[in-house]
Amino acid sequence: MPKSLINIKVIIHLVGSLVIICGALMALSIPFSIYYNEGDLIPLILSSAITLISGLVLKLSTKSHSNDEIKKREGYLIVALGWISMTIFGSLPYVLSNAIPNYSNAFFETISGLTTTGASILNDIEAVPKGVLFWRSMTQWIGGMGIIVLTIAILPLLGVGGMELFASEAPGPTKDKIHPRIKETAKRLWLIYFSLTLIQTILLMFPGGMNFYDAINHSLTTMSTGGFSTKQASVAHFDSAIVDYIIIVFMFIAGTNFTLLYFGAKLKLKKFWENDEFKWYIGTVIGLTFIIIPTVYGIVGANLGFEKSFRDVLFQVVSIITTTGFASADFTTWGAFVTFLFFLLLFTGASAGSTSGGMKLVRIVLLMKNGFLEFKRKLHPNAVIPVHLNGQGVPPHIIYNLLAFVFFYLSTFVVGSIIVTFLGVDFMEAVSAVATSVGNVGPGIASIGPSGNFYHLPDSSKWVLSILMLMGRLELFTIAILFTPYFWRRN
28 MPKSLINIKV IIHLVGSLVI ICGALMALSI PFSIYYNEGD LIPLILSSAI TLISGLVLKL
88 STKSHSNDEI KKREGYLIVA LGWISMTIFG SLPYVLSNAI PNYSNAFFET ISGLTTTGAS
148 ILNDIEAVPK GVLFWRSMTQ WIGGMGIIVL TIAILPLLGV GGMELFASEA PGPTKDKIHP
208 RIKETAKRLW LIYFSLTLIQ TILLMFPGGM NFYDAINHSL TTMSTGGFST KQASVAHFDS
268 AIVDYIIIVF MFIAGTNFTL LYFGAKLKLK KFWENDEFKW YIGTVIGLTF IIIPTVYGIV
328 GANLGFEKSF RDVLFQVVSI ITTTGFASAD FTTWGAFVTF LFFLLLFTGA SAGSTSGGMK
388 LVRIVLLMKN GFLEFKRKLH PNAVIPVHLN GQGVPPHIIY NLLAFVFFYL STFVVGSIIV
448 TFLGVDFMEA VSAVATSVGN VGPGIASIGP SGNFYHLPDS SKWVLSILML MGRLELFTIA
508 ILFTPYFWRR N
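Numbered per my numbering, the sequence shown spans residues 28 to 518.
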């Protein structure tokens with residue numbers, strides 16, 4: 028009997044594992060619900076129980092799954108179905124607690140969290156029970172490095188290969204290998220991720236002055252570059268220079284390639300300055316900050332002073348380029364020129380191998396280098412002139428993949444904008460909403476800027492934006508490939 032093209036049982040088995048992890052992490056919200064006693068305890072217990080039982084049923088019903096190594100097809104399906112399943116079950120606390128009774132809104136808020144987009148439909152965040160609000164932040168922390176990597180790190184008993192899963196889930200192209208065994212790699216990444224979250228929590232409390240609840244929530248959503256806040260006014264609510272600078276530093280760190288962070292932890296600091304993308308990353312942040320400061324200081328400097336103007340500009344630049352989406356000020360009030368620059372940043376993203384979204388700077392750097400080299404190739408048509416990154420030549424197939432990705436990214440943006448506009452959303456809102464959804468940024472411009480939200484958009488457009496957020500989080504191809512005939516053919 029011919030072997031099946033796709034191992035359905037192993038897919039269901041591993042999706043069940045992800046759902047169980049979702050239910051277990053959901054239970055971490057229960058202590059906050061008990062402490063604050065705001066009426067969300069039973070909904071959280073029910074949500075966690077339903078999720079755990081459902082995951083357990085999926086696992087037990089496929090106990091006899093084959094332990095063959097997962098192939099690419101299974102890897103893509105596990106990633107896609109895992110995220111969708113996590114979103115479906117992750118929306119339960121919102122619906123059962125009545126914090127977000129409309130399921131379209133609840134699904135949107137959940138997938139925005141898990142994809143670390145940070146786009147919200149909540150009009151009064153402070154009115155949401157503390158337990159549910161902690162789960163909202165936890166969804167971003169889960170999504171930050173990827174629930175798939177988490178599974179591989181803590182469930183070695185799965186007995187299946189993990190490299191294909193990691194390749195499908197890892198955010199962005201990265202060449203360096205930390206360790207040949209994927210489970211050890213995942214453990215190291217999550218240790219760094221957890222440690223940085225803990226350090227930021229402590230710093231936001233001492234000397235930041237936040238209480239433990241606000242500190243841990245903002246740390247969860249900073250290191251994931253998610254941007255969900257416990258306050259309607261986001262970070263601007265705290266009106267604290269210390270808080271702003273702490274969050275700026277950790278947003279920047281979260282936007283750095285985690286491979287570099289690992290080498291930094293081992294004091295191999297030379298790796299940072301040998302990395303072209305990191306140099307472009309820090310150069311872009313500094314350059315844009317100093318380009319924007321004169322304009323902003325001319326608008327608000329008389330009232331705020333230079334330090335506050337500088338801090339607000341730096342905060343917003345780092346927040347948007349890392350796709351975190353926190354706000355300490357509303358950049359849409361800084362004039363058309365500055366707003367346009369921030370709109371361009373919605374496409375950029377920070378480093379590959381970080382928790383940020385967007386196209387990633389490494390792709391933009393390679394695209395620019397390849398573009399400039401075309402002039403040289405025109406003059407020397409017979410010469411082989413490779414693109415170099417980090418002092419090494421980049422293989423042609425990487426450049427072809429890059430061009431395909433950028434084309435598909437921009438095509439997704441254009442088609443998405445057309446669809447959302449067709450569904451009745453204003454043109455500028457539609458373009459901004461699609462750009463920020465595909466880039467997993469959060470705030471956009473117009474009424475969905477830092478001072479607004481997505482509540483007023485039609486439900487139909489929210490479902491489209493939800494799909495775009497998932498596609499953007501999984502770097503487009505992971506979802507799009509499922510809809511190609513090649514994926515379902517044996518040859």
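Note that CB positions come from ideal geometry on N, CA and C, so glycine has one too.
Q) Y482 to N417, Cα distance in whole Å? A) 44 Å
Q: Pick helix, strand or coil for H407, following the three-state DSSP scheme.
A: coil
Q | Coarse secondary structure for H415, derived from DSSP in three states | A | strand
Q | Under the three-state DSSP convention, the category G325 falls into | A | helix
Q. Per DSSP, what kind of secondary structure is G145 in: helix, strand or coil?
A. coil
**Q.** Length of the line joining the Cα atoms of Y121 and D151
**A.** 14 Å
Q | Coil, strand or helix - G420 by DSSP | A | strand
(Q) Could you check whether the stretch 456-470 touches the stretch 434-446, counting it as contact only if at least three pairs of C-beta atoms, one from each stretch, sit closer than 8 Å? (A) yes
Q) For Y482, which of helix, strand or coil comes out of DSSP? A) coil
Q.
With a threshold of 8 Å on Cβ separation, who are the neighbours of P183 within its own chain once the five nearest residues in sequence on each side are excluded?
A. Residue confidence for P183 is low, a pLDDT of 37 falling below 50, so the modelled location carries little weight; the figure read from the coordinates is stated next. Excluding residues within five positions, the ones whose Cβ falls inside 8 Å are K210.
Q.
Give the list of continuous beta strand (DSSP E) stretches no shorter than 3 residues that lie fully inside the stretch 105-179.
A. none
Q. Under the three-state reduction of DSSP, which class applies to A356: helix, strand or coil?
A. coil
Q) Helix, strand or coil: which one does DSSP assign to W361? A) coil
(Q) So, with DSSP's three-state summary, where would you put S493? (A) helix
Q. Can you name the start and end residues of the alpha helix (DSSP H) that K293 belongs to?
A. It is not in any alpha helix (DSSP H) - K293 carries neither H nor E in the DSSP assignment.
Q: Assign K90 to one of three DSSP states: helix, strand, or coil.
A: coil
Q) What do you get for I549, buried or exposed, if any count of 16 or more other CB atoms within 10 angstroms of its CB means buried? A) Look at the range of the chain in this structure, 28 to 518, and you will see that residue 549 is not part of it.
Q: Hey, could you find the ends of the alpha helix (DSSP H) Q343 is sitting in?
A: F333 to I348
Q. Do the stretch 116-130 and the stretch 217-234 make contact, defined as three or more Cβ pairs closer than 8 Å?
A. no
Q: For V46, count neighbouring Cβ atoms within 10 angstroms of its own Cβ and tell me buried if that reaches 16, exposed if not.
A: buried
(Q) Taking 7 Å as the cut-off, is the C-beta of T439 nearer than that to any heavy atom in the ligand GTP? (A) Among the components of this structure there are no ligands whatsoever, and the ligand GTP is therefore not found.
Q.
According to DSSP, is P477 part of a helix, a strand, or is it coil?
A. coil
Q. When we look at the beta-carbon of R517 and count the other beta-carbons within 10 Å, is it buried (16 or more) or exposed?
A. exposed
Q: Can you tell me which of F116, Y240 and D303 puts its alpha carbon nearest to the alpha carbon of Q419?
A: D303
Q) Mapping DSSP to helix, strand and coil, what is S60? A) helix
Q: Express the C-alpha separation of A354 and Q343 in angstroms, rounding to a whole number.
A: 7 Å
Q) Got a sec, what are the start and stop residues for the alpha helix (DSSP H) D453 sits in? A) Unbroken run through D453: none, as it is neither H nor E.
Q. So V452 and S488 are in contact, right, with Cβ under 8 Å, and what is the actual spacing, rounded?
A. 5 Å
Q: Could you pull out every residue in the same chain whose Cβ sits closer than 7 Å to the Cβ of I205, ignoring the five residues on either side in sequence?
A: The predicted position of I205 is uncertain, since its pLDDT is 49 and thus under 50; no value can be drawn from it.
Q. Is G384 helix, strand or coil by DSSP?
A. coil
Q. Touch check for the stretch 48-67 and the stretch 153-164: three-plus C-beta pairs under 8 Å?
A. yes
Q.
I believe T137 touches G109 by the beta-carbon criterion, under 8 Å. Please report the beta-carbon distance rounded to the nearest angstrom.
A. Not a contact, Cβ separation roughly 14 Å.
Q) Is T349 near F305, with beta carbons less than 8 Å apart? A) no
Q) So, is P58 buried or exposed, given that buried needs 16 or more other C-beta atoms within 10 angstroms? A) exposed
Q | the stretch 128-146 / the stretch 493-503 touching (three or more Cβ pairs under 8 Å) | A | yes
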